[in-house]
Amino acid sequence: MEAEAVTFPRIVACGDSALSVELSDRIDEVLNDRVIALAETLTTNPLRGVEEVVPTYRSLMVVYDPSIIRGAVLTRELGKRLRGLEPSDATARRFTIPVVYGGQVGLDLEELAAMKGLTPARLVELHSAAEYRVYMIGFAPGFAYLGGLPDILHTPRLEAPRQRVEAGAIGIGGKQASINSVAGPSGWRFIGRTPLRLFDPDRVEPFLLRAGDRVRFRPVGQDEAAELDGAVAAGRMIMEPA
């Protein structure tokens, strides 16, 4: 028996207090722009009872209070918002992220370069020359999934995840790049670290990045990295979009 074809967009229940607005089963920038646009309409022009929106690559999770708005009513309202969407890149912020490549955190740099037939310096050049798109924040608080990794750097994740990778680690997994927000286990391959904190619960905005932002990486040496570490630890460094 053939599986029934799925028609997009579709809105599906996730328990009794959340809906998932699914726009496709694939990933691309246009779809992600629509996800972000829908999230923005619910932030700037909120629906009563909607408590939180969580954009992903291809869908938007909408968390709501069922004592205030019923799922069926919210489904109809979301359908109306979808029909009136006008995605725009105007709200995208641009960040330059300092990175010290290699070292104890970027322990995969040399092996990855050898796998690709590159020198470590050339790999760093390729990685830092690209502009990346933040497709989503997830997995851990502030963890950034980035699109735009050069094709030559696409690499499968490790077969056996490491038990601990430090916060700020710059990773590669499949076709994606990433920036770790907190220390924890990971099967990604790591080539450097940034002194910046992607997640800080004491900030007014705890997450540094959000879906739709653009990121470039700037190589820095150990001395500058140490200065940045000190500034961040002292709370003197506030990263602003370019």
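The UniProt record's numbering applies: residue 1 is where the sequence shown begins, and numbers increase by one.
Idealized CB from N, CA, C, for every residue including glycine.
Values in this document were obtained by computation on a predicted structure and should not be read as measured data.
{"Asked": "Should proline 195 be labelled buried (16 or more other beta-carbon atoms within 10 Å of its own) or exposed?", "Found": "buried"}
{"Asked": "Using the rule of at least 16 other Cβ atoms within 10 Å of the residue's Cβ for burial, across every protein chain shown, is alanine 226 buried or exposed?", "Found": "exposed"}
{"Asked": "Which word fits residue 289, buried or exposed, when buried means at least 16 other C-beta atoms lie within 10 angstroms of its C-beta?", "Found": "Absent from the model: residue 289. The displayed extent of the chain is 1 to 242, so no value can be given."}
{"Asked": "From which residue to which residue does the beta strand (DSSP E) around leucine 19 run?", "Found": "18-22"}
{"Asked": "Pull up the distance between the alpha-carbon of tyrosine 64 and that of arginine 203, whole angstroms please.", "Found": "25 Å"}
{"Asked": "I'd like to know whether the C-beta atoms of glycine 148 and arginine 133 end up nearer to each other than 9 Å.", "Found": "yes"}
{"Asked": "Closest to residue 325 by CA distance: which of Pro206, Ala144 and Val12 is it?", "Found": "Residue 325 lies beyond the residue range present for the chain, which begins at 1 and ends at 242; the question has no answer from this structure."}
{"Asked": "Scan the stretch 87-149 and note each continuous alpha helix (DSSP H) run of 4 residues or more that stays entirely inside, going in chain order.", "Found": "109-116 and 120-129"}
{"Asked": "Assuming glycine 192 and glycine 117 are in contact, meaning their beta carbons sit under 8 Å apart, how far apart are those beta carbons, in whole angstroms?", "Found": "Between glycine 117 and glycine 192 the Cβ distance is about 20 Å, and since that is not below 8 Å, they are no contact."}
{"Asked": "Let me know if aspartate 151 comes out buried or exposed under the rule of 16 or more other beta-carbons within 10 Å of its beta-carbon.", "Found": "exposed"}
{"Asked": "Could you say if the stretch 86-95 and the stretch 46-59 meet the contact criterion of at least three C-beta pairs nearer than 8 Å?", "Found": "no"}
{"Asked": "In three-state terms, what does DSSP make of valine 232?", "Found": "helix"}
{"Asked": "Which word fits glycine 106, buried or exposed, when buried means at least 16 other C-beta atoms lie within 10 angstroms of its C-beta?", "Found": "buried"}
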